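For the sequence shown, the residue numbers in my numbering are 1105 to 1701. Every residue gets a Cβ at the ideal spot worked out from N, C-alpha and C, and that includes glycine. Note that the structure is predicted; figures quoted are calculated from it, not measured. Remarks on the structure that follows.
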Amino acid sequence: MAIESCNPSSLGPAACEKDAKALQFIEEMTRNTDMVQEKVLAEILSQNAETEYLQRYELDGATDRDTFKSKIPVVTYEDLQPDIQRIANGDRSPILSAHPISEFLTSSGTSAGERKLMPTIRAELDRRQLLYSLLMPVMNLYVPGLNMGKGLYFLFIKSETKTPGGLLARPVLTSYYKSDHFKTRPYDPYNVYTSPNEAILCPDSFQSMYTQMLCGLYQRMEVLRVGAVFASGLLRAIRFLQIHWEELAHDIATGTLSHKITDSSIREAVSGLLKPNHQLAQLITNECSGGNLDGIIKRIWPNTKYLDVIVTGAMAQYIPTLEYYSGSLPMACTMYASSECYFGLNLNPMSKPSDVSYTIMPNMGYFEFLPHESSSDQIRNSTPRLVDLADVEVGKQYELVITTYAGLCRYRVGDILRVTGFHNSAPQFKFIRRKNVLLSIDSDKTDESELQKAVENASELLREFDTSVVEYTSYADTKTIPGHYVIYWELLVKDPSKGPSQEVLNQCCLIMEESMNSVYRQCRVADNSIGPLEIRVVKNGTFEELMDYAISRGASINQYKVPRCVNFTPITELLDSRVLSTHFSLACPKWTPERRR
């Protein structure tokens, strides 16, 4: 029964009293956006007044916006790296934050090939938990009855390391899943998972996935929503089912657990679930043995109401595949967050993926916006005019700049957003893209300079064969699971009798992968979320044809540059029609969780 609070939310009638309080909080924050922002900035500056960073710029205890904007520069990660490295090396003085840095959250963005280290403080866990607590009250407005079943979520931890100074460095979700906020969360009938904590927290990705899938199959009739963090993660889970269904069906038929699951805590956690169920095992066999995956999610979990996955930004490329696997179930993108800060939530979570907009919650940090048309590298040498959260304009694009309680000041996140409207006085943004990202399959982000360096390193191997790379482009192929990078090469072979062999070109693929950043290599080696890189050698003259095609569509011949990434179907079809040979990495690139000292 819906509950009406004394100050009803404009979002709609709450499902319960707890939801009513959450929705009222959203209303209070978004009705007073500018006032909340002013208060947040004052709190941050007051809290960190004695830090070395703020004193360096002679803020002198000021907490007002005008002084802050006139004295504190807009910065990138590279600007902060010397300070961050000092903290990582063990300097415990208040450099960026007056509160002790509790750990580093590793960003999927990279600097010099290594993950960026984002400092955080313990209080930020409470702030992140607050945003999480708002998600289901909003979802309950659109999907009733979620308290009557469970969520099948494929959640995983990733490897963590320690900095030279002894601080943990790990992804933000690994930090959250390992925290008491997650492990000892109170029972909430609207937020019950099929996966036991022990499976989610298992560092072995196979054992974790196998157990989560097994538990989801046993509880198939109770599952009301299926999800993962990113769309790519959910697709990997379906691929896992496709490969391992026989073993899963055997375990269900016999009420046993595969000998491959050696984690004792997992075995204990699922022991009460393991009962022979021949009918369920037969259903899995019938649904999976034929290889037909059309609507497989709805066929296995028939009560599923929606998919809970991020399908904005680079993840949008997976929408058609998810529609195929799910029988076109709705896809809910619930929140917008990063390692640096959690930003906001989607107040209309059942909207089409192409219409998703996130409402920035003004209590999460202090937010400024750099008009995108002026966000070039030249601003590193000057202080640009940034726009406050409450003052952005509908239809315009901005780069997000944040100031956080953990000590980041006027930090450029690199996300490009477009304002689509307002909820009360809080703007709503559509995520457009990550700045400068060329290729992305999972959490990897490869820019043009990284791709160029990889091509250069690989082409060194061709020299002894009097061969060079004349031109190249690329695209992220997500038709395979996992997806993989495809690089098109046009080669100049001076002496065809001495040209590179298949083996040499396969080795070029591996050299390119060895040249990629650590996030890419971790996805390839540890997470298995990216497949082997592929080089497709095309006929001579192919890139001239590509230019002719572009000019025929209105491009200027004087300004034409070969695109280093393509995703327009007619162009990929043209390139594929000119392929002479294909080559893959036959081994994994080197990767270790240890950070370079």
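Could you tell me whether the stretch 1604 to 1619 touches the stretch 1675 to 1682, where touching means 3 or more Cβ pairs closer than 8 Å? no
Within a Cβ cutoff of 6 Å, which residues of the same chain sit near S1369, ignoring the five residues on either side of it in sequence? Here residue 1369 is taken as the residue at index 265 of the sequence shown, counted from 1. Around S1369: E1302.
Given a cut-off of 8 Å, decide if G1469 and T1508 are closer than it, judged by their beta-carbon atoms. Taking the first residue of the sequence shown as 1, we reach residue 1508 at position 404. Taking the first residue of the sequence shown as 1, we reach residue 1469 at position 365. Yes.
Pick helix, strand or coil for M1252, following the three-state DSSP scheme. Numbered from 1 along the sequence shown, position 148 holds the residue referred to as residue 1252. Reduced to three states, the DSSP call for M1252 is helix.
If you compare alpha carbons, which of K1694, D1680, S1572, L1490 is closest to E1649? Against the sequence shown, residue 1649 aligns to sequence position 545. Nearest option by C-alpha distance: D1680.
Taking the alpha-carbon positions, what's the R1625 to H1588 distance? Residue 1625 sits at position 521 when you count from the first residue of the sequence shown. Residue 1588 sits at position 484 when you count from the first residue of the sequence shown. Computed Cα separation, rounded: 12 Å.
For S1578: DSSP bridge partner residues: On the sequence shown, position 474 is the one that residue 1578 refers to. I1591, per the DSSP bridge assignment.
Need the endpoints of the beta strand (DSSP E) that T1224 sits in, please. Here residue 1224 corresponds to residue number 120 of the sequence shown, with the count starting at 1. That run of the beta strand (DSSP E) goes 1218 to 1224.
Among K1409, H1476, Y1515, which has the Cα closest to the Cα of E1503? The residue given as residue 1503 occupies position 399 in the sequence shown. That would be H1476, whose Cα lies nearest to the Cα of E1503.
Test item: CB-CB of G1511 and P1223 under 8 Å: Within the sequence shown, numbered from 1, the residue matching residue 1511 stands at position 407. Within the sequence shown, numbered from 1, the residue matching residue 1223 stands at position 119. Yes, the Cβ-Cβ distance between G1511 and P1223 is below 8 Å.
Which residue spans inside the stretch 1120 to 1206 form an unbroken alpha helix (DSSP H) run of at least 4? 1121 to 1135, 1137 to 1151, 1156 to 1160, 1169 to 1175, 1181 to 1192
Among S1443, F1471, T1571, the one whose alpha carbon lies nearest that of Q1141: Position 37 of the sequence shown, counted from the first residue, corresponds to residue 1141. Nearest C-alpha to Q1141: F1471.
Complete runs of the beta strand (DSSP E) confined to the stretch 1384 to 1440 [at least 3 residues]: 1410 to 1414
What's the gap between the Cα of E1132 and the Cα of R1190? To locate residue 1132, count along the sequence shown from 1; it is residue 28. To locate residue 1190, count along the sequence shown from 1; it is residue 86. If I take the Cα positions, the gap works out to 40 Å.
Measure the C-alpha to C-alpha separation of K1539 and G1518 and round it to an integer number of angstroms. On the sequence shown, residue 1539 is found 435 positions in, with the first residue counted as 1. On the sequence shown, residue 1518 is found 414 positions in, with the first residue counted as 1. Cα to Cα, the separation comes out at about 5 Å.
What residues in its chain sit with their C-beta under 6 Å from that of T1714, if we drop five residues either side in the sequence? The first residue shown for the chain is 1105 and the last is 1701, placing residue 1714 beyond what the model contains.
What did DSSP end up calling D1230 once you bin it into helix, strand or coil? Mapped onto the sequence shown, residue 1230 falls at position 126. Helix at D1230.
Could you give the first and the last residue of the continuous alpha helix (DSSP H) run that contains R1324? Counting from 1 along the sequence shown, the entry for residue 1324 is found at position 220. It is not in any alpha helix (DSSP H) - R1324 carries neither H nor E in the DSSP assignment.
State yes or no: is the C-beta of K1602 nearer than 7 Å to some heavy atom of the ligand HEM? Absent from the structure shown: the ligand HEM. Ligands present: none.
Please list, in chain order, all residues of the same chain as F1688 whose beta carbon is under 6 Å from its beta carbon, the five residues on each side excluded. Here residue 1688 refers to the residue found at position 584 of the sequence shown. Correct list, in chain order: C1613, P1636, E1638.
Report the three-state DSSP secondary structure of G1525 (helix, strand or coil). Start at 1 with the first residue of the sequence shown, and residue 1525 comes out as number 421. Looking at G1525 - three-state DSSP - the assignment turns out to be strand.
Presumed contact (8 Å Cβ cut-off) between T1686 and R1640, rounded CB distance: In the sequence shown, the residue the question calls residue 1686 occupies position 582. In the sequence shown, the residue the question calls residue 1640 occupies position 536. The pair is a contact, with the Cβ atoms about 5 Å apart (cut-off 8 Å).
Using a Cβ-Cβ cutoff of less than 6 Å, which residues in the same chain neighbour D1548 once the five nearest sequence positions on both sides are dropped? On the sequence shown, position 444 is the one that residue 1548 refers to. Cβ within range, chain order: V1623, Y1624, C1627.
Can you tell me whether A1510 is helix, strand or coil according to DSSP? On the sequence shown, residue 1510 is found 406 positions in, with the first residue counted as 1. Correct three-state label for A1510: coil.
Pick from S1197, K1173, L1115: whose alpha carbon is nearest that of L1474? Counting from 1 along the sequence shown, the entry for residue 1474 is found at position 370. The shortest C-alpha separation from L1474 is found at K1173.
Measure the Cβ-Cβ separation of M1243 and T1416 and say whether it is below 8 Å. For the purposes of this step, residue 1243 is taken as the residue at position 139 of the sequence shown. For the purposes of this step, residue 1416 is taken as the residue at position 312 of the sequence shown. No. Outside cutoff.
Does the beta-carbon distance from I1225 to I1205 come in below 8 Å? By one-based count along the sequence shown, residue 1225 stands at place 121. By one-based count along the sequence shown, residue 1205 stands at place 101. Yes, the pair counts as a contact, with Cβ atoms nearer than the cut-off.
Nearest to T1550 by CA position, among I1591, V1573, Q1532, E1568, is which residue? Here residue 1550 is taken as the residue at index 446 of the sequence shown, counted from 1. Of the listed residues, the one whose Cα sits closest to T1550 is I1591.
Residues near D1481 by beta carbon distance below 6 Å, same chain, minus five either side: Sequence index remark: in the sequence shown, residue 1481 carries index 377 (1-based). Legend: pLDDT at D1481 = 44, less than 50; position of this residue unreliable, value from coordinates given subsequently. The answer is none, since no qualifying residue turns up.
Would you kindly work out how many angstroms separate the C-alpha atoms of N1381 and I1347, rounded to a whole number? Here the question's residue 1381 lines up with position 277 in the sequence shown. Here the question's residue 1347 lines up with position 243 in the sequence shown. Each residue's Cα considered, the two are about 21 Å apart.
For H1363, count neighbouring Cβ atoms within 10 angstroms of its own Cβ and tell me buried if that reaches 16, exposed if not. Against the sequence shown, residue 1363 aligns to sequence position 259. Exposed, because fewer than 16 other Cβ atoms sit within 10 Å of the Cβ of H1363.
By the three-class DSSP mapping on this structure, what secondary structure does A1052 have? No information on residue 1052 is available, as it lies outside the stretch 1105 to 1701 that the chain covers here.
Proximity below 8 Å, CB of A1202 to CB of T1167: Taking the sequence shown and counting its residues from 1, the one referred to as residue 1202 is at position 98. Taking the sequence shown and counting its residues from 1, the one referred to as residue 1167 is at position 63. Result no, Cβ atoms of A1202 and T1167 do not sit closer than 8 Å.
Same chain only: Cβ atoms within 7 Å of A1580, ignoring 5 sequence neighbours per side: As a first step, residue 1580 must be located in the sequence shown, where it is residue number 476. Result list for A1580: Q1421, L1543, S1544, I1545, G1587, Y1589, in chain order.
Give me the residue from P1466, I1520, C1692 with the minimum Cα distance to T1134. As a first step, residue 1134 must be located in the sequence shown, where it is residue number 30. The shortest Cα separation from T1134 among P1466, I1520, C1692 belongs to P1466.
For the candidate residues T1315, P1307, L1277, Y1440, whose alpha-carbon lies nearest to that of I1536? Locating residue 1536 in the sequence shown gives position 432, where the first residue counts as 1. The option with the nearest alpha carbon to I1536 is Y1440.
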